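Comments concern the structure below.
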Amino acid sequence: MEIPKSILDQVLPQATAYWAHIVATYSPQKIEFVGTLLAQFLTFWLPSICYMLLDVLAPSFSQRHKIQPAPKQPNRREIVRCFLVVLQNQILSSVLHLTLLFAASHAGIKSTYRIETSLPAPVEILRDVFFSLLIREALFYYSHRLLHIPALYIPIHKKHHRFTAPIALAAQFAHPIEHIFANTLPISLPPQLLGSHVVTFWVFLAYELMNTATVHSGYDFFCHKAKMHDLHHEKFNLNYGSLGLLDWVHGTDKLKKRRTA
Ligand SMILES: [Zn+2]
Ligand SMILES: [Zn+2]
Numbered sequence: 001m002e003i004p005k006s007i008l009d010q011v012l013p014q015a016t017a018y019w020a021h022i023v024a025t026y027s028p029q030k031i032e033f034v035g036t037l038l039a040q041f042l043t044f045w046l047p048s049i050c051y052m053l054l055d056v057l058a059p060s061f062s063q064r065h066k067i068q069p070a071p072k073q074p075n076r077r078e079i080v081r082c083f084l085v086v087l088q089n090q091i092l093s094s095v096l097h098l099t100l101l102f103a104a105s106h107a108g109i110k111s112t113y114r115i116e117t118s119l120p121a122p123v124e125i126l127r128d129v130f131f132s133l134l135i136r137e138a139l140f141y142y143s144h145r146l147l148h149i150p151a152l153y154i155p156i157h158k159k160h161h162r163f164t165a166p167i168a169l170a171a172q173f174a175h176p177i178e179h180i181f182a183n184t185l186p187i188s189l190p191p192q193l194l195g196s197h198v199v200t201f202w203v204f205l206a207y208e209l210m211n212t213a214t215v216h217s218g219y220d221f222f223c224h225k226a227k228m229h230d231l232h233h234e235k236f237n238l239n240y241g242s243l244g245l246l247d248w249v250h251g252t253d254k255l256k257k258r259r260t261a
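Listed below in structure tokens is the structure:
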């Protein structure tokens with residue numbers, strides 16, 4: 001108990017002073033936009049590229065941990081196309097974020113999250129992340145199920161399912177409409193609805209992005225965490241959610257036969 005406390009005692013005042021300096025130096029819009037972009041780079045792009053490099057840097061280790069067999073894995077051309085589509089989606093969400101910040105500032109709102117000189121207390125971060133996880137589960141589960149009705153599946157969601165054996169970057173290989181309504185809003189909205197501190201939003205965003213890169217990675221790391229969503233890509237009609245809570249409630253946690261897409 002004493003060791004973590006002494007580390008906290010040293011780190012927290014420094015972090016608080018540094019944060020207060022950032023808040024005093026930069027505008028709330030700049031802090032929110034640059035911090036969010038940095039979180040996306042550090043917790044989505046970087047881990048995704050590391051997962052994908054495993055194939056090249058440690059092929060035998062990679063083969064041992066791949067969930068689906070080698071013949072089902074995407075080829076180099078598909079991986080390059082995936083990278084370009086994900087980059088397009090990143091640009092789209094960043095442009096929309098900037099537009100939202102400009103619109104909010106015209107309406108007299110400086111930031112879409114709470115930005116103040118103090119950092120949020122750890123218990124506040126835990127509380128807001130917990131409720132954000134539950135709200136995100138509902139938003140993602142129902143928007144994802146909606147995307148599986150034929151009228152929406154074919155023109156929109158089929159693109160994401162192109163990778164039947166997914167790779168980490170394929171988490172955001174999606175139609176722009178899906179990227180905004182099923183990927184971006186279910187993560188950005190819950191902390192806004194809860195009035196969360198921007199740092200709490202970044203903690204939640206970091207968790208969700210690392211989680212989505214991991215569940216699409218195609219590897220069975222972290223207690224087989226990826227298997228649930230990997231199976232959704234392979235079989236289509238189960239495991240629509242992220243936590244598994246609403247799949248359990250609606251009985252979509254098990255494979256139903258005689259249903260496609
Ligand atoms: Zn799906
Ligand atoms: Zn997916």
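Numbering-wise, UniProt numbering puts 83 at position 83 of the sequence shown, and it's gapless, one number per residue.
Beta carbons are placed, not taken as given, at the ideal position from N, Cα and C, and that holds for glycine.
Note that this is a predicted model, so its numbers are computed, not measured.
Integer Cβ distance of residue i from residue j, believed to fall under 8 angstroms
| i | j | result |
| --- | --- | --- |
| alanine 15 | leucine 119 | 6 angstroms |
| glutamate 137 | leucine 243 | 5 angstroms |
| leucine 46 | serine 94 | Not quite, the Cβ-Cβ distance comes to about 17 angstroms (not below 8 angstroms), so this is no contact. |
| isoleucine 167 | isoleucine 79 | 7 angstroms |
Burial state of residue i, where buried means 16 or more other Cβ atoms lie within 10 Å
| i | result |
| --- | --- |
| alanine 151 | exposed |
| cysteine 50 | exposed |
| tryptophan 248 | exposed |
| leucine 54 | buried |
| serine 217 | buried |
| tyrosine 219 | buried |
| phenylalanine 44 | buried |
| isoleucine 7 | exposed |
| phenylalanine 222 | exposed |
| glycine 195 | exposed |
| leucine 101 | buried |
| tyrosine 141 | buried |
Backbone secondary structure at residue i - three-state DSSP
| i | result |
| --- | --- |
| histidine 197 | strand |
| phenylalanine 131 | helix |
| tyrosine 51 | helix |
| tyrosine 219 | strand |
| lysine 227 | helix |
| lysine 235 | helix |
| arginine 258 | Residue placement at arginine 258 is flagged as unreliable, the pLDDT there being 46, under the threshold of 50; the coordinate-derived value follows with that caveat. Note: arginine 258 maps to coil in three-state DSSP. |
| lysine 72 | helix |
| lysine 110 | coil |
Within the structure, which residues are defined as neighbours of ligand 1 by a Cβ-heavy atom distance below 7 angstroms, reported in chain order? His144, Leu147, His148, His157, His160, His161, His232, Phe236, Tyr240
Start-end ranges of the alpha helix (DSSP H) lying completely within the region 138-172, minimum 4 residues: 150-153
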